[in-house]
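Below: one structure, written as structure tokens.
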Amino acid sequence: MKLTINKKIILLFTGVTFFTACKVDTLNDPNNPSSSGIVINATLGELQNLVTGTESAMRESISFYMDDVGVIGREFYRFSTSDPRFYIRSVGKRLAQCSTTTHSTLPIHMLRDIV
Amino acid sequence: LFIVDGVFYDNSSINAGLNFISKAAGQGSTAFQDNPSNRIADLDPEDIDRIEILKGASAAAIYGSRAAAGVVIITTKRGKSGKPRIELSQTFGMQMQLRKLGQRSWTREKAAAAFGAKGDSIYQANNGKVYDYEDELYGEHGMMSTSRLSVSGGSDKTSYYLGYTYKDDEGIVLGTGYRKSSFRLNVDQKVTNFIDLSVNSNYVSSRADRGYFNNDNTSTSMGVSFVSTPAWVDLHPDANGNYPNNPVAPSNFLQTRDLITNAEFVERVLMAGTATVKILQNSRNNLKFIARGGLDQYTLNTVAIFPQELQFEKDGNGTNGASIYGTTLNKGTNLSALLVHDFQMNEDISFRTQLGITAENLNQTTTVNTGTQMIGTQTNIDQAGSIQADQEKIIQKDRGYFIQEEFNYADLVLLTVGLRADKSSRNGDANKLYYFPKASAAFNVHKLQSWSFENVSQLKVRAAYGQSGNFAPFGAIYSPLLPTGFNGTTGSEITLTRGNETLKPERQTEFETGFDFGMFRDRATLSFTYYSKKVDDLILDVVTPSSSGFTKAWKNVAAIENHGLEISLAATPVSNKDFKWTTTTNFWQNNAKVTRLDVPAFNTGAFGATLGTYRIEEGKSPTQIVGIGGPDDKVDPATGLATYGDGEPDFNLSSSHSLIYKNFEFNVLVHWKKGGENINLSTLLSDIFGTSPDFDDHGLDPTGQKVNGAYRLAALGVTARPWVEDASYFRFREIGLSYRLPSSMFKNVAQVKVGVSGRNLINFFKYNSYDPEVSNFGSNAISSNVEVTPFPSSKSFSFQHHCQFQLKSDL
Chain C
1 MKLTINKKII
11 LLFTGVTFFT
21 ACKVDTLNDP
31 NNPSSSGIVI
41 NATLGELQNL
51 VTGTESAMRE
61 SISFYMDDVG
71 VIGREFYRFS
81 TSDPRFYIRS
91 VGKRLAQCST
101 TTHSTLPIHM
111 LRDIV
Chain G
1 LFIVDGVFYD
11 NSSINAGLNF
21 ISKAAGQGST
31 AFQDNPSNRI
41 ADLDPEDIDR
51 IEILKGASAA
61 AIYGSRAAAG
71 VVIITTKRGK
81 SGKPRIELSQ
91 TFGMQMQLRK
101 LGQRSWTREK
111 AAAAFGAKGD
121 SIYQANNGKV
131 YDYEDELYGE
141 HGMMSTSRLS
151 VSGGSDKTSY
161 YLGYTYKDDE
171 GIVLGTGYRK
181 SSFRLNVDQK
191 VTNFIDLSVN
201 SNYVSSRADR
211 GYFNNDNTST
221 SMGVSFVSTP
231 AWVDLHPDAN
241 GNYPNNPVAP
251 SNFLQTRDLI
261 TNAEFVERVL
271 MAGTATVKIL
281 QNSRNNLKFI
291 ARGGLDQYTL
301 NTVAIFPQEL
311 QFEKDGNGTN
321 GASIYGTTLN
331 KGTNLSALLV
341 HDFQMNEDIS
351 FRTQLGITAE
361 NLNQTTTVNT
371 GTQMIGTQTN
381 IDQAGSIQAD
391 QEKIIQKDRG
401 YFIQEEFNYA
411 DLVLLTVGLR
421 ADKSSRNGDA
431 NKLYYFPKAS
441 AAFNVHKLQS
451 WSFENVSQLK
461 VRAAYGQSGN
471 FAPFGAIYSP
481 LLPTGFNGTT
491 GSEITLTRGN
501 ETLKPERQTE
511 FETGFDFGMF
521 RDRATLSFTY
531 YSKKVDDLIL
541 DVVTPSSSGF
551 TKAWKNVAAI
561 ENHGLEISLA
571 ATPVSNKDFK
581 WTTTTNFWQN
591 NAKVTRLDVP
601 AFNTGAFGAT
611 LGTYRIEEGK
621 SPTQIVGIGG
631 PDDKVDPATG
641 LATYGDGEPD
651 FNLSSSHSLI
661 YKNFEFNVLV
671 HWKKGGENIN
681 LSTLLSDIFG
691 TSPDFDDHGL
701 DPTGQKVNGA
711 YRLAALGVTA
721 RPWVEDASYF
731 RFREIGLSYR
741 LPSSMFKNVA
751 QVKVGVSGRN
761 LINFFKYNSY
771 DPEVSNFGSN
781 AISSNVEVTP
791 FPSSKSFSFQ
801 HHCQFQLKSD
811 L
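Read top to bottom, the protein sequences are chains C and G. Using the working numbering, read the first sequence as starting at 1 and increasing by one per residue. Using the working numbering, read the second sequence as starting at 1 and increasing by one per residue.
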């Protein structure tokens with residue numbers, strides 16, 4: 001008797017656990033809208049968001065850009081006390097050429113725009 | 001992966017938002033250097049009964065892909081049936097800076113050379129008076145105390161273990177420290193004659209005051225400010241408590257130390273339960289069903305307050321004060337169910353079959369609110385002129401299935417085969433199952449009937465092969481549209497790193513073989529293992545042509561091969577009535593090589609080739625450190641880079657000894673790490689400001705002309721060699737001596753032990769900083785071993801007493 005009850009319990013447990021455990025729902029990015037979602041059939045609102053985003057993106061790195069082209073163009077010397085590489089990586093120093101090798105942190109596209 | 005009593009113990013490192021002040025990740029760098037603490041620190045070591053480490057495929061076969069890199073299985077103490085046992089212990093101690101570097105001896109000429117006319121005039125105005133700022137900043141003797149109570153016991157059906165710990169440690173910098181309360185209750189109950197139940201619960205509450213150190217780009221962290229300030233600048237407050245501005249740097253580190261808050265508060269609950277049901281039991285068969293569940297839930301609050309009177313906040317230097325409040329809510333659950341069938345075919349042959357399913361879920365949300373332009377001395381987030389909010393969620397669901405068959409022939413031959421299937425929401429295809437097989441064989445030669453070597457008590461030869469998977473990092477499958485604002489309107493902007501919806505898990509294939517050898521009834525044992533591990537389809541974010549609109553993209557692009565040796569020697573050389581000596585020595589060594597790379601070789605980690613960086617390159621070690629080089633360096637003409645070292649050590653050796661003589665016990669644990677290089681950029685920063693303690697010493701320049709500081713500065717832009725340093729060390733991690741008082745002193749009711757111990761008291765290393773064990777970038781596998789003005793390590797000594805009462809009658 002004991003054995004039969006306990007078999008049923010096991011069966012129930014195993015069954016329930018198995019069914020709840022099987023499926024993993026494909027998870028959309030919980031933090032941001034996804035770019036694949038707007039590639040096809042974007043709504044007007046979504047397109048407007050992209051327009052604003054583009055306007056913003058063209059300006060948001062402008063200080064960074066000015067910093068770099070200003071230094072490369074020898075228009076000013078930037079004192080960067082705790083990051084001495086700032087000058088070296090932009091204008092080079094002796095063997096350290098301005099290249100992707102020395103320029104570890106600058107986004108590559110930006111570097112190409114500059115040099 | 002850490003598993004504590006069956007709970008997947010979350011060990012996330014969560015940033016407190018300090019980057020807003022430090023700008024360490026900025027100027028194009030996205031590597032946060034907040035030095036977040038790791039949540040494994042919440043575990044109370046006193047609760048631990050035993051620790052088991054499972055590696056690679058054998059761990060992943062049972063615990064799934066999150067265990068592919070190995071798993072540390074921690075089992076906490078449990079009660080034993082019997083009369084209540086009460087243990088009471090206290091530890092008092094002190095910690096101090098592990099190594100003092102000292103300071104440069106200054107003259108007027110040196111001050112003028114390093115800081116120009118300004119330096120000259122400050123030096124003269126102070127009549128050349130110098131202060132020992134290393135001692136003022138890092139010289140505190142932090143008091144440490146731990147009090148602990150545990151009660152355990154039980155009847156034949158129920159047993160319990162209850163533990164409480166209170167810990168209060170002060171740091172070596174004023175205002176830093178750690179306080180923790182931990183409560184644990186473990187209960188085991190035989191519910192019926194076929195059901196056993198076991199429940200663990202743990203509550204932890206802690207506060208850590210962490211100061212403000214390491215790399216920054218604003219010269220505001222105490223570490224950077226410290227190396228920027230020569231000893232002849234007076235930073236001390238006047239009689240009214242007003243701090244002067246640092247005349248040569250953007251911040252006064254004494255003011256920063258005294259006025260800022262950077263604290264972390266954790267409230268954490270862990271629960272675990274295991275039910276074992278005996279379904280069938282007879283002379284040949286034994287079928288069990290085991291269900292396990294675990295819950296790990298915590299709230300982490302970070303509070304960083306930078307008041308507006310700080311030099312770098314006031315007068316337009318900063319944001320007129322900042323309050324940064326972070327909240328992380330974390331909930332992890334794991335469930336598993338397995339059937340275990342033991343079948344005894346005859347006296348010699350037995351089988352064990354295991355069939356199981358596992359499920360793990362993680363849900364973590366972090367919000368960080370940054371208030372700036374604070375109203376007066378107010379610190380609440382609404383007392384601000386400007387508020388910025390950030391939120392990040394991490395959600396993960398993993399499911400796995402496994403089957404395993406073990407075969408045992410008279411303990412002579414043991415064979416195992418198994419198969420695991422895994423899927424995860426972190427993979428490109430969340431519902432695709434990936435299969436990982438494994439097999440192992442062991443042969444106990446000493447069990448042979450013809451075995452005739454009496455002194456050899458064990459000779460086991462073993463080999464294992466297995467595969468396991470590593471999921472993609474969270475978020476690598478997404479190409480998100482990030483929020484942005486322009487002209488009063490919000491919008492979406494595409495990220496720079498392209499996600500990859502076709503990412504598959506990294507596949508790790510491991511083969512290991514070795515033997516276990518025991519002599520004199522295993523009084524001396526030697527274990528030898530050689531392994532070869534290949535990780536294929538390595539997931540990296542690699543540079544992609546900018547014509548794609550992205551700068552980087554996630555791809556399965558590389559393979560790495562590891563070969564290594566592990567040797568363990570344990571022995572009891574002496575054992576008699578009065579004296580016993582036991583010892584364990586471990587040796588381990590690993591060599592890695594990139595064997596496949598589908599993209600051009602690239603630099604990663606640290607701060608670029610000028611100062612030394614890691615480089616992923618086919619045929620080379622993934623932790624090789626390269627940099628630019630001059631005529632004296634072996635520069636590869638194709639890349640313009642020379643190799644200066646490797647983060648990977650040549651080998652590690654640790655040895656522990658326990659000597660017991662009558663009532664005295666002496667313990668010692670030593671660790672030798674040979675080889676392995678660090679990138680030490682603390683010297684770079686202190687050289688620039690002329691404050692390096694070894695600035696005027698000779699030794700680095702092979703021609704003997706330049707002093708060390710000048711030599712390193714001259715190398716800037718020529719070679720990265722001076723910043724890549726050997727990080728070998730030999731240290732006494734633990735030394736302890738204890739004495740067990742005669743129990744007759746306590747009417748035989750209690751056993752009392754008193755002792756003293758020290759941690760990291762004796763160290764040998766050439767490395768030119770506080771400690772060769774350092775990492776500016778936290779626990780990243782490929783960018784560790786970099787230092788930028790870190791929080792110095794400490795050494796400590798303490799006094800302990802421990803009492804154990806065994807009650808004579810039941811309560």
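Idealized CB from N, CA, C, for every residue including glycine.
Residue range of the alpha helix (DSSP H) that residue i falls in?
| i | result |
| --- | --- |
| residue 108 of chain G | 108–125 |
| residue 21 of chain G | 19–22 |
| residue 227 of chain G | 222–228 |
| residue 297 of chain G | Taken as a continuous stretch (DSSP letters only), residue 297 of chain G belongs to no alpha helix (DSSP H), being part of the beta strand (DSSP E) at 285–306. |
| residue 889 of chain G | Since the first residue of chain G shown is 1 and the last is 811, residue 889 of chain G is not available in this structure. |
| residue 137 of chain G | 133–138 |
| residue 458 of chain G | Per DSSP, residue 458 of chain G belongs to no alpha helix (DSSP H); it is in the beta strand (DSSP E), 456–470. |
Go through its chain and collect everything with a Cβ distance to residue i's Cβ below 6 angstroms, but skip five positions before and after it.
| i | result |
| --- | --- |
| residue 392 of chain G | 366 |
| residue 414 of chain G | 408 and 442 |
| residue 671 of chain G | 654, 731 and 733 |
| residue 28 of chain G | Note that residue 28 of chain G scores a pLDDT of 46, beneath 50, so its modelled location is shaky; the value from the coordinates is reported in the next line. So no residue of the chain qualifies. |
| residue 663 of chain G | 739 and 740 |
| residue 86 of chain G | 151 and 805 |
| residue 584 of chain G | 570 and 656 |
| residue 596 of chain G | 558 and 559 |
| residue 79 of chain G | 152, 153, 154, 159, 160 and 161 |
Is residue i near the ligand FAD - that is, is its Cβ less than 7 angstroms away from at least one heavy atom of it?
| i | result |
| --- | --- |
| residue 557 of chain G | In the structure shown, the ligand FAD is absent, as is every other ligand, since no ligand is present at all. |
Would residue i pass as an interface residue toward chain C - the criterion being a Cβ-Cβ separation below 8 angstroms?
| i | result |
| --- | --- |
| residue 331 of chain G | no |
| residue 677 of chain G | no |
| residue 493 of chain G | yes |
| residue 395 of chain G | yes |
| residue 399 of chain G | yes |
| residue 787 of chain G | no |
| residue 245 of chain G | no |
| residue 480 of chain G | yes |
| residue 180 of chain G | no |
| residue 12 of chain G | no |
| residue 431 of chain G | yes |
| residue 328 of chain G | no |
Thinking residue i and residue j are a contact (beta carbons under 8 angstroms), I'd like their distance in whole angstroms, please.
| i | j | result |
| --- | --- | --- |
| residue 753 of chain G | residue 802 of chain G | 5 angstroms |
| residue 469 of chain G | residue 437 of chain G | Not quite, the Cβ-Cβ distance comes to about 12 angstroms (not below 8 angstroms), so this is no contact. |
| residue 757 of chain G | residue 800 of chain G | 7 angstroms |
| residue 299 of chain G | residue 327 of chain G | 7 angstroms |
| residue 184 of chain G | residue 42 of chain G | Not really, about 12 angstroms apart at Cβ, beyond 8 angstroms. |
| residue 527 of chain G | residue 499 of chain G | With a Cβ gap of about 44 angstroms, residue 527 of chain G and residue 499 of chain G do not count as contacting. |
Please confirm whether residue i has its beta-carbon closer than 8 angstroms to some beta-carbon of chain G.
| i | result |
| --- | --- |
| residue 42 of chain C | no |
| residue 69 of chain C | no |
| residue 90 of chain C | no |
| residue 45 of chain C | no |
| residue 63 of chain C | no |
| residue 53 of chain C | yes |
Excluding the five sequence neighbours on either side, which residues of its own chain have a C-beta within less than 7 angstroms of the C-beta of residue i, listed in chain order?
| i | result |
| --- | --- |
| residue 10 of chain G | 39, 296, 330 and 332 |
| residue 120 of chain G | 108, 111 and 112 |
| residue 173 of chain G | 137, 138, 140, 211 and 257 |
Name the two residues that bound the continuous beta strand (DSSP E) containing residue i.
| i | result |
| --- | --- |
| residue 60 of chain C | Run containing residue 60 of chain C: none in the beta strand (DSSP E); it sits in the alpha helix (DSSP H), 44–60. |
| residue 708 of chain G | That residue, residue 708 of chain G, is in no beta strand (DSSP E); its alpha helix (DSSP H) goes 708–715. |
| residue 805 of chain G | 794–806 |
Please return the same chain residues whose Cβ sits closer than 8 angstroms to the Cβ of residue i, not counting the five positions on each side in sequence.
| i | result |
| --- | --- |
| residue 767 of chain G | 678, 680, 725, 726, 727, 728 and 729 |
What are the start and end residues of each continuous beta strand (DSSP E) run of 3 or more residues lying completely inside the stretch 485–526 of chain G, in chain order? 489–494 and 506–519
Please go through the stretch 330–395 of chain G and give each complete beta strand (DSSP E) segment of 3 or more residues, from N-terminal end onward. 349–374
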